[in-house]
Amino acid sequence: HSATLANDENSTRITQFTDKIRSSVHRAFVGGKGTRDISGDAGLTTEQFVDLIGELLNGNDSVLEAKDVVSDKVKPVKPQPSFDLVDETEMRAFFKDLDKDKNGVIDFEEF
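Just so we're aligned: 344 in this note's numbering is position 83 of the sequence shown, and the numbers increase by one with no gaps anywhere.
This is the structure we're talking about:
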């Protein structure tokens with residue numbers, strides 16, 4: 262966005278580079294090379310992910326090739342959300358505040 266606003270001789274190159282970054286990140290996640298916060302324990306650390314994107318930006322697409330043989334019996338890891346950190350009192354207060362007519366339901370108009 263700032264490159265468009267600047268509208269100088271580098272704007273096109275900056276936009277192309279950011280498009281290449283976005284495409285590389287997307288390809289990494291689709292190729293099963295996402296970060297741990299999204300992909301779970303099987304994901305890459307931040308440092309590994311940054312290195313992988315750097316390799317893709319330099320034209321090394323081989324980093325997305327599968328190196329391990331995956332058995333048909335192996336199921337993908339799904340993140341397991343935890344509600345241990347949710348403060349129930351705070352959540353009740355939050356929803357109570359949204360329930361403007363105090364009928365115990367957050368109607369569409371209230372939301």
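We put the beta carbon where it would ideally sit given N, CA and C, even for glycine. A quick note: this is a predicted structure, and the numbers were derived from the prediction, not measured.
| Check | Outcome |
| --- | --- |
| Taking the alpha carbon of L318 as the point to measure from, which residue in I275, N271, K281 and D362 has its own alpha carbon closest? | K281 |
| Does S263 pass the burial test, meaning 16 or more other C-beta atoms within 10 Å, or should it be called exposed? | exposed |
| Evaluate contact between the stretch 320 to 327 and the stretch 287 to 298, counting only Cβ atoms and requiring at least three cross-stretch pairs below 8 Å. | yes |
| Provide the residue(s) that pair with L359 in DSSP beta bridges, ordered along the chain. | BP columns for L359 are empty, so no partner. |
| Tell me, please, which residues DSSP counts as bridged to T296. | L305 |
| By the three-class DSSP mapping on this structure, what secondary structure does D348 have? | coil |
| Under three-state DSSP, which class holds S263? | helix |
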